[in-house]
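*Asks:* Start counting at 1 in the sequence shown, then tack on 52, and there's your number in this note's numbering.
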Amino acid sequence: PRCSPRFGTLTRVTRLHNLRKASSQIVRREREVLSFVAIRVVIGWVLGLAGQHIFYIFERSWTIANRNPFTEWDAVHYLRIAYSGYDVHLTPFFPLYPLLVRFVHFGSLGLLGYEAAGIALGIVTLSGAAVVMRRFLSELLDEDSARFGVLLLLWSPASVFLLSNYNLSLLVLLLSLCSLALLRGNFMWSSVAASLAAVAHPLGLGGVVAVGVALIVNRRWKEFLPCICVSLSGLVAYCFYLTLKFSSPLV
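1. May I have the straight-line CA-CA distance separating V94 from L203, to the nearest angstrom?
2. Nearest CA to the CA of M240: which residue from L267, S221, V251, V224?
3. Just how far apart, CA to CA, sit R187 and S299?
4. Starting from the C-beta of L131, find all residues in its chain whose C-beta is less than 8 Å away, skip the five residues before and the five after it, and write them out in chain order.
5. Who are the Cβ neighbours of C244 in its own chain at under 7 Å, not counting the five residues just before and after it?
6. When you compare the region 170-185 with the region 195-211, are there three or more beta-carbon pairs, one atom per stretch, that lie closer than 8 Å?
7. Which of the three DSSP states, helix, strand or coil, is assigned to T295?
8. First and last residue of the alpha helix (DSSP H) that includes Y149?
9. For my contact list, L227 and G256 are in at a C-beta cut-off of 8 Å; report their separation, rounded to the angstrom.
10. Suppose contacts are defined by Cβ-Cβ distances below 8 Å. Is T143 in contact with L284 by that definition?
11. Taking the runs of the alpha helix (DSSP H) that are 4 residues or longer, which of them lie wholly in the region 169-225?
12. What residue from M185, N270, V288, L235 has the CA that sits closest to L206's CA?
13. Distance check for W97 and A117, CA to CA, integer angstroms please.
14. Which residue wins for smallest C-alpha separation from R92, given the options L215, L277, K274, N270?
15. Mind checking F158: buried by the 16 CB within 10 Å criterion, or exposed?
16. Would you tell me roughly how many angstroms separate the C-alpha atoms of L163 and F155, rounded to the nearest one?
17. Are the CB atoms of A172 and F88 nearer to each other than 8 Å?
18. In chain order, what residues of the same chain lie with their CB nearer than 7 Å to the CB of R272, ignoring the 5 residues before and after it?
19. In or out: N270 buried (at least 16 other Cβ within 10 Å) or exposed?
20. Are the CB atoms of V265 and L287 nearer to each other than 8 Å?
21. For R236, count neighbouring Cβ atoms within 10 angstroms of its own Cβ and tell me buried if that reaches 16, exposed if not.
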């Protein structure tokens, strides 16, 4: 009987030691992932700025050379929405990313312009997406597969758009959060992530579908209707806004 308290103390100390050891391993792995992101961002910016000068050398056009290589194509429309709001021609571009760009701009008290705010937001969301994706793949598969998946995300040919004023890094982050929550059985949190993804990009509706399929497969009938309503709430809110502003949700 006298050794029981001591045994309990040793057990608690052992558990605390194991918890600290596991936490240090997680921190080390996330630092590795963030180092991958930092290297990708630096190399991407170096290549982008070098591309400006290459255009100038061959085209002799300062119009091309002075353009920001990370603020092209659809990025122009997202920044325009962040700056001045929607008009009837910009409704296909979903609102979450421009709202966050505007929030970062005003949150920095105007120190970050809209382009800089968008790029800063992209780097933060890309870092978060890489960390969450590593956790998801490590729990689903193993650490080597998780590392390979993160490297594939960062170095795929389309990864240039993850460094630009685009909403794709935000979309990857939200869908990764949705997938991780589904893997852990947290259906309501996965519905929240799917709801945000659905107003970040049209492909975010895939998260809503994934939530519905997971609920059916796991036979969570009592949670089906609340989770589906939550996952569709963001899209419904956007359609309601379009109806108020343009008199149609499908404008």
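From the three backbone atoms N, C-alpha and C, an ideal C-beta is built for every residue, glycine too.
Predicted, not measured: the structure shown is a model, and the values here were computed from it.
*Replies:* Taking the definition as stated:
1. The straight-line gap from Cα to Cα measures roughly 15 Å.
2. L267
3. 43 Å
4. T123, P150, V153, Y166, E167, G170, N217
5. The sequence as given places Val at residue 244; Cys does not occur at that position. Counting only Cβ-Cβ distances below 7 Å, and skipping sequence neighbours, we find V282.
6. yes
7. helix
8. That run of the alpha helix (DSSP H) goes 148-159.
9. The beta-carbon distance between L227 and G256, rounded to whole angstroms, is 7 Å. This is short enough to meet the 8 Å contact definition.
10. no
11. Correct list: 195-207.
12. M185
13. In this prediction, A117 scores a pLDDT of 47, lower than 50, which makes its location untrustworthy; the coordinate-derived value is nonetheless stated afterwards. C-alpha of A117 to C-alpha of W97: approximately 14 Å in a straight line.
14. The candidate whose alpha carbon is nearest that of R92 is L215.
15. exposed
16. 12 Å
17. no
18. F239
19. exposed
20. no
21. exposed
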